[in-house]
Amino acid sequence: MPAKSITIKRTEANDPDFPYLAALLNHELHEKYGELQVVYDKFNQISNLDTVVIAYVNDAPAGCGCFKRIDKNTAEIKRMFVKTGERNQGLASSILNELEVWAKEEGYSSAILETANKQLEAIAFYEKQGYEMIPNYGPYVGMETSVCFGKKL
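Following our numbering, the numbering of the sequence shown begins with 38 at its first residue and continues without gaps.
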């Protein structure tokens, strides 16, 4: 089996590969959480972002992530996703690392993010990447199914 070629690209939300990957993420979340996911959908509007990272495996879009400004020091990591068949190969780590480097270049000193309490693989991944649980922030305050994390960059 030939080695896979992995490429990480900085781009923006109007890159056609980003809505494609985000739609796969949305489908997976709706399959897992059903009607509860509808509540969260409004927090995931990212159409005007110019801070998107896409991972490609053999030139095919395989994963994504992005960040947006919370305040002058804090970036929020959003829409982290890797296609099912491409997981456990380091793509998520590469995407998150690129987002963190980019956020630092933009002057941010910390990153925060939210995931669901049933996303056990995501929680373990973020903890492995140095994120620590923080109190729920912004729209996630009072949301029992949300788990929030933060990290100094």
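All residues carry an ideal CB built from backbone N, CA and C; glycine is no exception.
Cβ neighbour criterion (16 or more within 10 Å) applied to residue i
| i | result |
| --- | --- |
| E137 | buried |
| A140 | buried |
| K115 | buried |
| P7 | Limits of the chain in this structure are 38 at one end and 190 at the other, which puts residue 7 out of reach. |
| G144 | exposed |
| M117 | buried |
| E158 | exposed |
| P172 | exposed |
Euclidean distance between Cα positions of residue i and residue j
| i | j | result |
| --- | --- | --- |
| L86 | V94 | 23 Å |
| G102 | Y57 | 12 Å |
| R124 | K109 | 33 Å |
| V75 | T44 | With a pLDDT of 49 at V75, under the threshold of 50, the predicted position of this residue should be treated as unreliable, though the coordinate-derived value follows. About 32 Å. |
| Y168 | L61 | 25 Å |
| E49 | P176 | 24 Å |
| V178 | V184 | 10 Å |
| H187 | A112 | Per the sequence presented here, residue 187 reads as Gly, with His not at that position. Each residue's Cα considered, the two are about 10 Å apart. |
DSSP beta-bridge partners of residue i
| i | result |
| --- | --- |
| S42 | The partner list for S42 (beta bridge, DSSP) is empty, contrary to what the question assumes. |
Limits of the unbroken beta strand (DSSP E) element including residue i
| i | result |
| --- | --- |
| E158 | Premise fails: E158 lies in the alpha helix (DSSP H), 157–165, not in any beta strand (DSSP E). |
| V184 | 183–189 |
| E169 | 169–171 |
Ranges of the beta strand (DSSP E) found wholly within the stretch 65–152, counting only runs of at least 3: 89–94, 97–108, 111–119
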